[in-house]
Amino acid sequence: MINEPRATELKKKINETREKLISLLDEKDRKNVSFSLEAKDPPNRGGVKRSWEQSNFGDGIPLTAALTALAKIKADTKNAEAEVVKRVLGQMDMAVVNLDQFSAVAVAPTSYLIAGQPYTAEVFLTASDSKSSPEISVGGSRLQVKEGKGTYTVNTSSEGIFSWTGTVRVKQTDGTIKTYTTTEQKYQVARPSAVVSPDKMNVFYVGVPNPVSVSAPGIPKENLVVTMSGGTISGSNGKYTVTVNTPGTTAKVNVAANVSGKVQNIGSSDFRVKRIPDPKAKFAGKTGGALSSVVIKSQRSIFAILEGFDFDAKFNVTRFSLVIARPRADVVVLQTNGNSFSAQMSAAVGAITPGTRVIFDDIVAVGPDGTQRQLDPMAFKAN
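Okay, so the sequence shown: first residue is 2 according to my numbering, each after it adds one.
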């Protein structure tokens, strides 16, 4: 015990235990403590100073004496604990309420759980005075009290996480008022929601930002952790934007939730990656057919129009060929880059007459994804 030095460690623990027990008492009662749980050096004898460790466990101390000392320490500890409990209970009896109503209570931190998350609840016995009228308030507003209990009710008109703290002021049997405060209580308000995910519409398009809304009933949007494979995703609070690059592949959006400091996966969705559909080439708002020669002469360009597509995706014509076949005249074939007529094209179009056939061929357009699209030709007959 001396050499290792276990005796010094034991002395420290004895004195620490004594101080902890004394700290449980009111200050006015601490000076009257008389229990013998204490480890201090004995007084000098014959001018020889010995420590508490040497007196109880030093050289020359028989084993039986050391065991007796340990047994005494154990008994002193129990006696000290009993003395403190007696004094604390004595203080409780001085000013209390009359408890005549008991009930079992279960309190859970949350009633919403994700699969795999443990459910925990505290179960305990409570007591109250049914004849008393304590003052119970929340946020400074007093509650109506019935049989010693108050009921807190609040409207839930907006979404979010809310918290409150209650205060109970009780008149004790000695006439004094004592105030008790509850721990902080939290509750969450969420709007009813339904998630519909039709498989045939789970598509991301290359070249455009794909908006995605992510939600999980019962979990605040700010607690969601959204990631993906096969693309990049950005955003927050339930609103995200996805960008993909490789058509013909599958992208996956993964959703996790941060609940009570732990991140747990709650689901994922697969999306097919497609390229934006080909646009249609148009001249004077049409893709072909009969067209007034006056209208034809007034036009100076063609366009690539994407119809029936929900995204704002624009295509630019980068080149096309113009074929003009007038009755009883040689066929004229002209080419240009861009979507506007060249000077030669404008001159040739200005000379058409009814019956002339105007054909746009080899039309190439480029969209947001940067790929070249070969569009269908357009054929018109001037009238």
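We put the beta carbon where it would ideally sit given N, CA and C, even for glycine. Just so we're clear, the structure is a prediction, and the values are computed from it rather than from any experiment.
Per DSSP, cross-strand counterpart(s) of residue i
i                 : result
aspartate 271     : Lys253
aspartate 331     : DSSP lists no partner for aspartate 331.
glutamine 186     : Trp165
glycine 286       : Answer is none; glycine 286 lacks a bridge partner.
tyrosine 241      : Val213 and Gly236
threonine 337     : Phe321
isoleucine 220    : Ala217
proline 374       : One point to set straight first is that residue 374 is arginine, not proline, in the sequence displayed. Beta-bridge pairing links arginine 374 to Ala366.
glycine 151       : Val146
methionine 379    : Phe361
glutamate 123     : Val108
phenylalanine 103 : Ala128
alanine 258       : Leu225 and Gln265
valine 85         : Looking at the DSSP assignment, valine 85 forms no beta bridge with any residue, so it has no partner.
alanine 326       : Arg358
alanine 291       : Lys382
lysine 79         : According to DSSP, which records beta bridges pairwise, lysine 79 is partnered with nothing at all.
isoleucine 178    : Lys172
lysine 315        : Lysine 315 pairs with nothing; no bridge assigned.
lysine 281        : Ile306
Start-to-end residues for the beta strand (DSSP E) that takes in residue i
i                 : result
methionine 229    : 225-230
valine 364        : In the sequence as displayed, the identity of residue 364 is isoleucine instead of valine. It spans 358-367 - the beta strand (DSSP E) in which isoleucine 364 sits, taken as one unbroken run.
arginine 46       : Element bounds for arginine 46: n/a, residue is neither H nor E.
lysine 132        : Here lysine 132 belongs to no beta strand (DSSP E), and DSSP marks it neither H nor E.
isoleucine 306    : 304-306
valine 34         : Here valine 34 belongs to no beta strand (DSSP E), and DSSP marks it neither H nor E.
phenylalanine 205 : 204-207
C-beta contact flag for residue i and residue j at 8 Å
i                 : j                 : result
aspartate 42      : tryptophan 53     : yes
leucine 38        : alanine 81        : yes
tyrosine 153      : glycine 141       : no
aspartate 101     : serine 131        : yes
phenylalanine 310 : phenylalanine 381 : no
methionine 346    : leucine 323       : yes
alanine 383       : serine 237        : no
phenylalanine 1   : alanine 8         : As shown, the chain starts at 2 and ends at 384. That puts residue 1 outside it, with no answer to give.
serine 104        : threonine 78      : no
tyrosine 241      : valine 213        : yes
arginine 358      : alanine 326       : yes
arginine 88       : aspartate 30      : yes
glycine 262       : threonine 250     : no
proline 280       : leucine 307       : yes
glycine 371       : glutamine 265     : no
phenylalanine 312 : tyrosine 188      : no
lysine 179        : glutamine 173     : yes
phenylalanine 125 : glutamate 84      : no
Alpha helix (DSSP H) segment containing residue i, residue limits
i              : result
isoleucine 297 : 294-299
alanine 344    : 344-351
serine 56      : 53-58
glutamate 17   : 7-24
lysine 29      : 28-31
Cβ-Cβ separation, residue j to residue i (assumed contact under 8 Å), whole Å
i              : j              : result
valine 106     : serine 133     : Incorrect: roughly 18 Å between the Cβ atoms, too far for contact.
glycine 239    : serine 269     : The pair is not a contact, with the Cβ atoms about 16 Å apart (cut-off 8 Å).
alanine 40     : lysine 12      : 4 Å
alanine 282    : glycine 208    : Wrong, their Cβ atoms sit about 19 Å apart, outside the cutoff.
valine 169     : isoleucine 137 : 5 Å
tryptophan 165 : valine 139     : 5 Å
proline 221    : isoleucine 267 : Their Cβ separation, rounded to whole angstroms, is 13 Å, which puts proline 221 and isoleucine 267 out of contact at 8 Å.
valine 129     : lysine 150     : Correcting the residue identity first, residue 129 is serine in this sequence and not valine. With a Cβ gap of about 7 Å, serine 129 and lysine 150 count as contacting.
methionine 202 : threonine 288  : The Cβ separation is near 27 Å, so there is no contact.
Chain B within 8 Å of residue i, Cβ atoms only
i          : result
serine 133 : Among the chains in the structure shown there is no chain B, since it carries only a single protein chain.
Query raised in the report: Does the region 367-382 come close enough to the region 315-328 to have 3 or more Cβ pairs within less than 8 Å?
Result: yes
Query raised in the report: If we count Cβ pairs, one from each stretch, closer than 8 Å, do we get three or more for the region 157-169 versus the region 117-134?
Result: no
Query raised in the report: Taking three-plus beta-carbon pairs below 8 Å as touching, is the region 212-232 in contact with the region 254-263?
Result: yes
Query raised in the report: Is it true that the region 322-341 meets the region 301-308, where meeting means three or more beta-carbon pairs spaced less than 8 Å apart?
Result: yes
Report task. Report yes or no: do three or more beta-carbon pairs, one from the region 345-355 and one from the region 282-301, lie closer than 8 Å? Result -> yes
Report task. Take every Cβ of the region 272-286, pair it with every Cβ of the region 239-252, and state whether three or more of those distances are shorter than 8 Å. Result -> yes
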